[in-house]
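Trainee:
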Amino acid sequence: MSSGSAAIVLLLLCAGADGFGIVPSDSLNHQEITERAILDRTVEVCRALALAEGTDFNAPQQPYTAGAVAVACGVPKSTKSFRKAITLITLNNVKIDLRFAFNGSYHFDEEMFVQGRKIITDGIIAVKASNKEGNYEAAREKLGAIFHPLQDFYSHSNWVELGKKSPNANLLRTDTSIGNIAAKSRATCRNCDGDDCSRNILEDILKENVLTSGYFGVVPLVSTKPKGKCSHGGAVDQTSLIEPKGGINKDTLESNHGFLHNDAGNLAIAATSELLEDIRMAAGDRPFLEMLGISKRSSRALGFLIDTTKSMSDDIEAVRNATNAIVDSEVGTENEPSVYILVPFNDPEFGPLIKTTDPEVFKGLFKTLSASGGGDNQELSLSALQLALANAPANSEMFLFTDAAAKDKYLKNTVIALIERTQTVVNFMISGSSEANRRKRRHAQLQSKITGSDAQLYKELARASGGQAIEVATADLAAAIGLVTRLSSSASLVTLLQAVRDPGLDTNFTFAVDETVTNLTVYITGQSLSYTITSPSGESQQSNDTAGSLITAAASVGNYINVQLKSQAGQWSVKIMSTNPYTLRVIGESTLDFLFDFVEMSQGPVEAFAALETRPRSGVNVSLLLTVSGNDSITLTEVSLVKLLGSEEMDGVVKPQESGSFLVEFEAPPSAEFVVRVKGQRDGATTKASANFQRVTSTSFRSSNLTITADSNGVMTPGTPFSVPFSVKSYVLEGNFTVRATNSRLFDATYPTSLNLKAGGSANGTVTITAPVNTTSGTDVTLTIEVEAPGGQDTNYAVLRFSVIKPVTDVTPPVCQLISRHATCPKNCNSSRWTLSLRVSDEAGGTGVANVTLKTGNGILDTTYGDITLVSYNASCCAPKVELRVTDGAGNAGTCSYSLSSRIMPSLWVSLVTLVLGLLIKR
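In mature numbering (1 follows the signal peptide of the UniProt record, and there is no 0), the protein residues as written are -19 to -1, 1 to 904.
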């Protein structure tokens, strides 16, 4: 799509041209519909889990918020990840309006019911497969995309006008009829009576329960609307000017059928909730909640990337010992990672990437590592890092251990792109450049493998991620790891300040600490520096002052300093004195934090946005959508883009949105690396000083004078080439631009290695990627397309995620067959039990019974899986009902319900029959 066409599309959509609104108003919009359904369903799942586990559940007050629901679910530290999941889902919902505005199948326009349902059912298959493999981010993206057409069905069709009070469950299945769809030749509407369109659908259509939807077009005098068909309606729909005039959409209260807007919106919420229930049934309660960012474990990954060349033998042993301690300290806590990652590397090899959720398995992996080889003093460290970043969930943490320079420096920009997209912190433990190791190598007549300039690359990558680049001797490696991970592994880690000075400069940094912050810690990396820390009360303590009361603990290893402070609300300052380069980061623990996405905006008078998959453009307006998590009652006072290597900052204009979100507009992003800083006030704080809060992104960002757009729709089929078209535009530079395309699974791919561009011009290319035939369904693939200007003057990227899905022919859930049911339940139910025996089977040619679980019921379930799946259930007579969830290998899920009341004991039946017959005879 050209930029001009895109601007027209955005303008039309902002005016509510083709779907529920996507901006705040009195009408329900896609964001609100989606969020309400997610919150409602999450509360229900957490309530069911609490009941099954015998714990109390305190329902949050309505209207629900992400923070309140996370607290009710017993995992308050999941507030941020829950909020992030909801935001990702809703932004992918909105993206459909921006990417597929004129494709009626995505909106159920033009009576495209079959095509619309296929989008939904194909998407459901993909979501279920992704969940089965634990690829929750891929599941969230696809979930948002299929919510959009599902919700539009109730606004664009005449389902509500037909008097339907519940959702159309057949939109979630392929083996049933959607309904009585109007033939293409059948008239469905008449002209509206002026502005009154309440009776424009023909009576016979309503009487015969016939499904129809409106046609939509934006080009005057050009219409594909057949004679007699309804139009979508609205100011920009040109088909509504052709008889029959008017429309039937219910997108807003002001739409042609706006009098039914709330009915359509409520049905859309109910339908979205039903789809979520179908996903839950296939996944199970805990995986379903993990998909939504609700977990007793942290949503992040903890990754270790280890140089396995011979010179690293001592380092590997030190890492192994330190890692065991870290893993053991986090098991069973909310800080325990959702997944562990290990990637060994040397030269000429790197990998394989090993992922596991089992901490004992992860610790055992280190025992398999051995050091060997080496020789050219350079290793494939960035290849290993790229592989780990592309396969890890967002907001993870990585540790890379090496004593060698990177042989694959050309991957620097690709790695930075993945760091920006995932906002993952990367820490580098560089043992080859430390003074202690140099002495060791000289004594052993070995040459140092890494120089200061080589280490600089690692420092720049650490700086981009908000991590540390620590130059340390092997003997101190374990201590360095312990210092960095002491707090960085926390699920509620927040950054209050982030700055870099290169070259060094005496600077006084200030930051606000609110009363929610605990474990206040200062990280500093640099050589030959001193610092002074001043508290809100005016008390100061210097780096060489061990008698002060502000610093509760301080330690230094190599070029790294870790200072733990006594938490105190108010304005703090840190003054650093050094002529050498240094980095400064102030962190703590708090449930109060923020999330954001750069978003693309329309050029029209009304706003619309979707998340950027690339860097924002230099020199023009940039916007971000920001959400505060962990506190539902805050006031934003300032949102700024702050240069990482200087004091320059740019303040944005803040516009409140719905659900606690804010749209922040900036004239243009800084020309150099920058971080996003948020300041505000907490309502209800004990003092004015403690009300002020400040948060900063750990990741730094960049802008670009290149733009890349790529088609991220669709799924990959194993063994079939999958094409991803992309377009590059250069606004300033010209010449031959280098193209690199890499993917997280190392699948075979082809693409143009260069594109020739004129200033202001664009060029197109295609990446063709093929998943092997044996690829597991549900595998996700992260594709990074990087474009670099001549001489490296500028670079930009697009990071896309796809799922590999095998064709599914099994579309029906397993069924239950009752074998026997026995009960002897006297009045005192506590001393008696009842039992069920069932046979669960999948249809012939199906994928087989995969799982049988309790949905409701407090008894004991025992299942024997095989060609014939047998189930026994034993419960107290005080728990007379049970509902089982049965799932097959394709993710089709059904329920089987049984209760004591549905089968009374035979002796009781005889008594009842005798009593009834006696009464009849007497009459």
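Cβ coordinates follow ideal geometry from the N, Cα and C atoms, glycine included.
#1: Would you grab the beta carbon distance between Thr193 and Ser138 for me? Rounded to a whole angstrom, and I think it's under 8 Å.
#2: Bridge partners for Glu654 per DSSP, in chain order?
#3: What is the DSSP secondary structure of Asp244, counted as helix, strand or coil?
#4: Is it true that the CB of Gly48 sits closer than 8 Å to the CB of Asn408?
#5: Return the first residue and the last residue of the alpha helix (DSSP H) that Thr60 is part of.
#6: Looking at the secondary structure, which residues open and close the beta strand (DSSP E) in which Leu350 lies?
#7: Measuring straight from C-alpha to C-alpha, what distance separates Gly742 and Arg598?
#8: Whose C-alpha, out of Leu69, Thr71, Pro41, is nearest the C-alpha of Pro57?
#9: Runs of 4 residues minimum, wholly inside the segment 503 to 541: which ones carry the alpha helix (DSSP H) assignment?
#10: Nearest to Tyr778 by CA position, among Leu687, Thr751, Gly746, is which residue?
#11: Under the three-state reduction of DSSP, which class applies to Leu593: helix, strand or coil?
#12: Nearest by alpha-carbon distance to Pro706: which of Lys277, Pro637, Leu486, Thr765 is it?
#13: Less than 7 Å between the CB of Asp266 and some heavy atom of the ligand SAH, yes or no?
#14: Write down the C-beta distance between Ala670 and Ala550 rounded to the nearest angstrom, noting that I regard them as a contact closer than 8 Å.
#15: Where does Pro340 sit, in a helix, a strand or coil, going by DSSP?
#16: What are the residues that DSSP puts in a beta bridge with Val406?
#17: Below 8 Å on the Cβ atoms is my contact criterion, and I expect Leu510 with Ser559 to pass it. Report the Cβ-Cβ distance as a whole number of Å.
#18: Tell me whether Pro637 sits in a helix, a strand or coil according to DSSP, three-state version.
#19: Under a three-way DSSP split, which group does His803 fall into?
#20: With Ala282 as the anchor, note down where its beta strand (DSSP E) starts and where it stops.
#21: Going by C-alpha distance, which of Gly827, Val623, Asp843, Ala120 is nearest Ser679?
#22: What are the boundary residues of the alpha helix (DSSP H) that includes Leu433?
#23: For Glu341, does the count of other Cβ atoms within 10 angstroms reach 16, so buried, or fall short, so exposed?
#24: Return the chain-ordered list of same chain residues with a C-beta closer than 8 Å to the C-beta of Arg782, the five sequence neighbours on each side being excluded.
#25: Three or more C-beta pairs closer than 8 Å, one from the segment 858 to 873 and one from the segment 786 to 796: is that the case here?
#26: Per DSSP, which residues does Asn745 bridge with? Please list them.
#27: Tell me the residue span of the alpha helix (DSSP H) that contains Asn602.
#28: Given this structure, state the Cα-to-Cα distance separating Cys27 from Cys54, to the nearest angstrom.
#29: Compute the Euclidean distance between the alpha carbons of Ile70 and Ala535, then round it to the nearest angstrom.
#30: Grouping DSSP H, G and I as helix and E and B as strand, with all else coil, what is Tyr135?
#31: In this structure, what does DSSP give as the bridge partners for Ile335?
#32: Keeping to the same chain, check which residues put their C-beta closer than 6 Å to that of Ala445; ignore five residues upstream and five downstream.
#33: Less than 8 Å between the beta carbons of Tyr732 and Ala744, yes or no?
#34: If you reduce the DSSP assignment to three classes, tell me which class Gln798 lands in.
#35: Please determine, among Ala740, Ser758, Ile250, Cys858, the residue with the shortest C-alpha to C-alpha distance to Ala110.
#36: Need the endpoints of the beta strand (DSSP E) that Met293 sits in, please.
Mentor: Result, derived from the coordinates:
#1: Yes, Thr193 and Ser138 are in contact; Cβ-Cβ is about 7 Å, under 8 Å.
#2: None, per the DSSP bridge assignment.
#3: DSSP places Asp244 in helix when its eight states are reduced to three.
#4: Cβ distance not < 8 Å, so Asn408 and Gly48 don't count as in contact.
#5: Counting along the chain, the unbroken alpha helix (DSSP H) around Thr60 starts and ends at 60 to 80.
#6: Careful: Leu350 lies outside any beta strand (DSSP E) and carries neither H nor E.
#7: Cα-Cα distance, rounded: 15 Å.
#8: Nearest option by C-alpha distance: Pro41.
#9: The segment 503 to 541 is shown to contain no whole alpha helix (DSSP H) run of 4 or more residues.
#10: Of the listed residues, the one whose Cα sits closest to Tyr778 is Leu687.
#11: Assignment of Leu593 by DSSP, reduced to helix, strand and coil, places it in the coil class.
#12: The residue with the shortest Cα to Cα distance from Pro706 is Thr765.
#13: Ligands displayed in this structure: none; no statement on the ligand SAH is therefore possible.
#14: Right, the Cβ-Cβ distance comes to about 6 Å (below 8 Å), so this counts as a contact.
#15: Pro340 falls in the helix class under three-state DSSP.
#16: Val406 is bridged to Glu378.
#17: So it is a contact: roughly 3 Å between Cβ atoms.
#18: Three-state result, Pro637: strand.
#19: Correct three-state label for His803: strand.
#20: Looking at the DSSP string, the run of the beta strand (DSSP E) that includes Ala282 is 282 to 288.
#21: Ranking Gly827, Val623, Asp843, Ala120 by Cα distance to Ser679 puts Val623 first.
#22: The identity of residue 433 in the sequence shown is Gly, whereas the question assumes Leu. That run of the alpha helix (DSSP H) goes 433 to 446.
#23: Burial call: exposed.
#24: Correct list, in chain order: Glu118, Ala119, Glu122, Ser693, Asp761, Val762, Thr763, Leu764.
#25: Flag = yes, the segment 858 to 873 and the segment 786 to 796 touch.
#26: Checking the DSSP bridge columns, you'll see Asn745 partnered with Ser708.
#27: No alpha helix (DSSP H) holds Asn602; DSSP gives it neither H nor E.
#28: Rounded to whole angstroms, the separation of the alpha carbons of Cys54 and Cys27 is 5 Å.
#29: Within the model, the alpha-carbon separation for Ile70 versus Ala535 is close to 42 Å.
#30: In this structure, Tyr135 counts as helix in the three-state DSSP scheme.
#31: Checking the DSSP bridge columns, you'll see Ile335 partnered with Leu323.
#32: If we look at Ala445 and ignore the five residues flanking it on each side, its Cβ neighbours are Ile397, Ile400, Ser681.
#33: Tyr732 places its beta carbon 8 Å or farther from that of Ala744.
#34: Correct three-state label for Gln798: strand.
#35: That would be Ser758, whose Cα lies nearest to the Cα of Ala110.
#36: Careful: Met293 lies outside any beta strand (DSSP E) and carries neither H nor E.
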